[in-house]
């Protein structure tokens, strides 16, 4: 899924616009314009994968930004891989998206409520499911980070690996969107628990944070606020990763 460590720009959508939330809470969002323009900007900067999220879908349970997402898919074509989450609740919906050219679907609430959905999708599209384990206070949360599940992230990740998940998307909600740095220990614990790729998200503020997550064993990192706020550029992060790999 990720032959080399990747820095993946996030294109989170709400009401048809790119936004970033602080700590996953509605009402904290900052808006960053048109999704297509954002996606094209990241592709031109060298992104190999785009991370698209329908935030309205994540909160409401139904995909609300399908038009904006379709526009992004049409604009980027086959130039990059696309992983998409938010409001995907059925295997049929996921398979339809994969058939239309989405490379990976991200399942959070649906996978927690019905773990077998992972196996059902993976049987038709192997290694196409990223199970989203969003953690707040060490507990997996769902429904747009509003409901606790009582699940331990590492234990849940092991279960989804057995069901055929291609990877785990781990978001540290406690630091998400705050530009105050990452916590590597939860990521390292997940990486040690499974053999499939772990994609880290949440808290990235500097290039050093990116490198710290790579060192913790993550296969990739999703970056949102830091890129949109200009804390660093995608090009500089990718260059730092390349440089660190050459010196290993």
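In my numbering, the protein residues as written are 1214 to 1461. For each residue, glycine too, the CB sits at the ideal point set by N, CA and C.
| Asked | Found |
| --- | --- |
| Unbroken beta strand (DSSP E) runs of length 3 or more, entirely within the segment 1317-1403: which are they? | 1317-1320, 1342-1349, 1352-1355, 1380-1385 |
| Taking only three categories from DSSP, how would you classify residue 1221? | strand |
| So within the segment 1256-1307, which uninterrupted alpha helix (DSSP H) runs reach at least 4 residues, ignoring any that extend past its ends? | 1268-1273, 1279-1289 |
| Might you give, ordered along the chain, the residues of its own chain that have their beta carbon closer than 6 angstroms to the beta carbon of residue 1347, omitting 5 neighbours on each side? | 1354, 1358, 1384, 1386 |
| The alpha helix (DSSP H) that contains residue 1439, what's its start and end? | 1438-1441 |
| Once you ignore the five residues that flank residue 1403 on each side, which residues in its own chain have a CB closer than 8 angstroms to its CB? | 1346, 1366, 1367, 1370, 1381, 1383, 1411 |
| Given residue 1429, which residues of its chain have a CB within under 6 angstroms of its CB, disregarding the five upstream and five downstream residues? | 1397, 1400, 1401 |
| Tell me the rounded alpha-carbon separation between residue 1308 and residue 1337. | 8 angstroms |
| Leaving out the 5 sequence neighbours to the left and right, which residues in its chain are closer than 7 angstroms to residue 1340 when beta-carbon positions are compared? | 1214, 1379 |
| Please work out which residues of its chain come closer than 8 angstroms, Cβ to Cβ, to residue 1285, disregarding the five sequence neighbours upstream and downstream, and give them in chain order. | 1224, 1248, 1249, 1252, 1263, 1265, 1295 |
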